[in-house]
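Undergrad: Please find one structure pasted underneath; my questions will follow.
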Amino acid sequence: MTFSITNAAFEGFRVMRRSPVAVVMWGVTYFVCLALIMIAAGGAVMAVISRFGEATDDPAAALSIGGSVIMVYLISIPLSLVAASIIVAATCRAVLTPKKPGFFFMRLGGAELRLMGAYLLVALAFIAAMVILFGIFAAIAGGVAVMAGGGGEPSAVILALFYPLYFGFIFLYVWVSVRLSLLGPITVAEGRFALGRAWAASRGRFWTLLDLAAATIMRWFVLYAAAVTAFCVLMAIGMSVLPNTADMQPEQMMTTLLPLMVIGGVLLAAFAALQFTVLSTPFAVFYREVVAPTVQPEEEPGAPDPRY
192 MTFSITNAAF EGFRVMRRSP VAVVMWGVTY FVCLALIMIA AGGAVMAVIS
242 RFGEATDDPA AALSIGGSVI MVYLISIPLS LVAASIIVAA TCRAVLTPKK
292 PGFFFMRLGG AELRLMGAYL LVALAFIAAM VILFGIFAAI AGGVAVMAGG
342 GGEPSAVILA LFYPLYFGFI FLYVWVSVRL SLLGPITVAE GRFALGRAWA
392 ASRGRFWTLL DLAAATIMRW FVLYAAAVTA FCVLMAIGMS VLPNTADMQP
442 EQMMTTLLPL MVIGGVLLAA FAALQFTVLS TPFAVFYREV VAPTVQPEEE
492 PGAPDPRY
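Reading the sequence shown from the start, the letters are residues 192 to 499 in my numbering.
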């Protein structure tokens with residue numbers, strides 16, 4: 192059977208039609224994650240809000256704000272990884288094993304833990320790449336500036352250096368993302384830590400996967416435009432209905448904005464569920480039809496444990 196990029200790119204919408212309740216539950220899961228982040232990081236968020244407008248030349252205040260921001264990230268990133276791993280694995284199961292929904296295709300087991308670990312390693316690798324590229328840029332720019340003796344020429348040299356590094360990083364990001372695009376389906380289907388396997392499975396298939404990614408992003412953009420419109424409408428309604436919060440204390444501000452934040456969280460969770468569905472499922476179809484063409488969709492593909 193010939194693989195159809197157009198057909199695969201629409202798989203997310205077919206999953207929405209086939210399992211609408213599951214997609215809703217994925218959104219609920221993401222909303223619960225957002226609520227846990229707000230509960231766990233609420234103190235740090237309040238600390239940041241309460242220090243807005245304070246003198247930035249106070250080292251103690253700056254250190255306190257920085258610590259609060261770091262705390263927010265330390266809480267939100269792991270919880271976001273948990274939610275993303277659960278939902279991505281669920282979307283892959285909705286394609287690979289549609290006749291075994293379980294609890295809306297969601298679990299918290301080995302596949303999800305492997306995905307979390309893989310996502311964390313990839314994120315750390317990209318951060319390291321950014322730091323290295325920035326260090327190279329800063330070192331060369333500093334050397335050029337010193338040699339120029341403070342003249343006007345370094346700006347042109349630095350600009351000429353910046354764009355190749357910038358677009359080079361974008362190319363690296365796209366290339367690595369495409370090469371690892373089968374990470375979710377392989378992790379779920381084969382029950383393994385699949386960074387190396389996903390990289391190997393995409394060898395010789397880069398351009399097909401890139402075409403599939405481009406077609407998928409075109410479908411995703413429809414959801415993105417709808418989400419931006421909804422958030423803009425919500426913001427306009429909130430600004431017209433809610434009182435002016437400029438002179439409020441942080442606690443009063445949070446209480447006043449809480450209904451708007453809840454509605455925004457619901458919209459964000461709904462968009463996240465739809466986004467994961469649209470972006471993840473086409474690559475699960477590619478895995479099912481190209482990488483593992485002998486596996487039947489109703490079976491647990493290659494998994495030694497039927498529960499994954």
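Note that the Cβ used here is the ideal one computed from N, Cα and C, for glycine as well.
If you measure between the beta carbons of Ala-475 and Cys-283, is that distance less than 8 Å?
TA: Cβ distance < 8 Å, so Ala-475 and Cys-283 count as in contact.
Undergrad: Just verifying my parser: in three-state terms, what is the DSSP assignment at Gly-382?
TA: If DSSP states are grouped into helix, strand and coil, Gly-382 belongs with coil.
Undergrad: Could you give the DSSP three-state label for Arg-388: helix, strand or coil?
TA: Helix.
Undergrad: Around the Cβ of Met-297, are there at least 16 other Cβ atoms within 10 angstroms (buried) or fewer (exposed)?
TA: With 16 or more other Cβ atoms within 10 Å, it is buried.
Undergrad: Give me the Cβ distance between Ile-377 and Tyr-478, rounded to the nearest whole Å; I'm assuming they're in contact under 8 Å.
TA: Indeed they touch by this definition, with Cβ atoms about 6 Å apart.
Undergrad: Out of Ala-302, Ala-391, Leu-414, which has the shortest C-alpha to C-alpha gap to Thr-468?
TA: The option with the nearest alpha carbon to Thr-468 is Leu-414.
Undergrad: Using only CA atoms, which one of Val-367, Leu-459, Ile-428, Val-263 lies nearest to Ala-396?
TA: This sequence places Arg at residue 396; Ala is not what is there. Among Val-367, Leu-459, Ile-428, Val-263, the Cα nearest to that of Arg-396 is on Val-367.
Undergrad: Count the other CB atoms, across all protein chains shown, that sit within 10 Å of the CB of Ile-278; report buried if there are 16 or more and exposed otherwise.
TA: Classification of Ile-278: buried, given that the 10 Å Cβ count is 16 or more.
Undergrad: Here's the rule: buried if 16 or more other CB atoms are within 10 angstroms of the residue's CB, otherwise exposed. What is Pro-211?
TA: By the neighbour-count rule (16 or more Cβ atoms within 10 Å), Pro-211 is not buried but exposed.
Undergrad: Put Thr-193 into one of helix, strand or coil per three-state DSSP.
TA: In this structure, Thr-193 counts as coil in the three-state DSSP scheme.
Undergrad: Mind checking which residues open and close the alpha helix (DSSP H) that includes Arg-394?
TA: That residue, Arg-394, is in no alpha helix (DSSP H); it is neither H nor E in DSSP.
Undergrad: What number of angstroms, rounded off, separates the C-alpha of Ala-319 from the C-alpha of Tyr-357?
TA: Whole-angstrom Cα-Cα distance: 15 Å.
Undergrad: Can you tell which of Leu-448, Leu-401, Ala-280 has its C-alpha closest to the C-alpha of Pro-292?
TA: Ranking the options by Cα distance to Pro-292, first place goes to Ala-280.
Undergrad: If you measure between the beta carbons of Glu-381 and Arg-388, is that distance less than 8 Å?
TA: Going by C-beta atoms, Glu-381 is nearer than 8 Å to Arg-388.
Undergrad: For Ala-246, which of helix, strand or coil comes out of DSSP?
TA: Model confidence at Ala-246 stands at a pLDDT of 48, short of 50, so the residue's coordinates are unreliable; what they give is reported in the following sentence. Coil at Ala-246, not helix or strand.
Undergrad: Would Ala-232 count as contacting chain D if we go by Cβ distances under 8 Å?
TA: Absent from the structure is chain D; it holds one protein chain and no more.
Undergrad: Considering Cα atoms alone, identify which of Val-482, Leu-448, Gly-375 is closest to Ala-392.
TA: Closest by alpha carbon: Val-482.
Undergrad: Tell whether a beta-carbon distance below 8 Å holds between Ala-200 and Ala-406.
TA: Yes. Within cutoff.
Undergrad: Quick one: measure Cβ to Cβ for Phe-353 and Phe-317, integer angstroms, because I've assumed they're closer than 8 Å.
TA: Wrong, their Cβ atoms sit about 19 Å apart, outside the cutoff.
Undergrad: Tell me whether the beta-carbon of Ala-274 lies closer than 8 Å to the beta-carbon of Tyr-221.
TA: Yes.
Undergrad: Apart from the five residues on each side of it in sequence, which residues of its chain come closer than 6 Å, Cβ to Cβ, to Thr-399?
TA: Answer for Thr-399: no residue qualifies.
Undergrad: From what residue to what residue does the alpha helix (DSSP H) around Gly-203 run?
TA: 202-209 is the span of the alpha helix (DSSP H), which, as asked, contains Gly-203.
Undergrad: Measure from the alpha carbon of Ile-361 to the alpha carbon of each residue in Ala-226, Ile-428, Glu-480, Leu-324, then state which is nearest.
TA: Out of Ala-226, Ile-428, Glu-480, Leu-324, Leu-324 has the C-alpha closest to the C-alpha of Ile-361.
Undergrad: Find the nearest neighbour of Leu-451 within the set Met-426, Tyr-364, Leu-470, judged by alpha-carbon distance.
TA: That would be Met-426, whose Cα lies nearest to the Cα of Leu-451.
Undergrad: When you compare only the Cα positions, how much space is there between Val-419 and Phe-204?
TA: Taking the straight line from one Cα to the other gives about 19 Å.
Undergrad: Contact defined as beta carbons within less than 8 Å: I believe Val-214 pairs with Leu-287. What is the distance between those atoms, to the nearest angstrom?
TA: With 8 Å as the limit, Val-214 and Leu-287 do not qualify as a contact, their Cβ atoms being about 16 Å apart.
Undergrad: Return yes when the Cβ of Ala-330 is within less than 8 Å of the Cβ of Ile-349, no when it is not.
TA: In this structure, Ala-330 does not lie closer than 8 Å to Ile-349 by Cβ.
Undergrad: Ignore the nearest five residues each way along the sequence and tell me which others in Arg-209's own chain have a CB closer than 8 Å to its CB.
TA: Cβ neighbours of Arg-209 beyond the five flanking positions: Ala-285, Pro-289.
Undergrad: Which of the three DSSP states, helix, strand or coil, is assigned to Pro-289?
TA: Here Pro-289 sits in coil by DSSP.
Undergrad: Check this for me: beta carbons of Leu-401 and Ile-196, under 8 Å apart or not?
TA: No, Cβ-Cβ distance for Leu-401 and Ile-196 is not below 8 Å.
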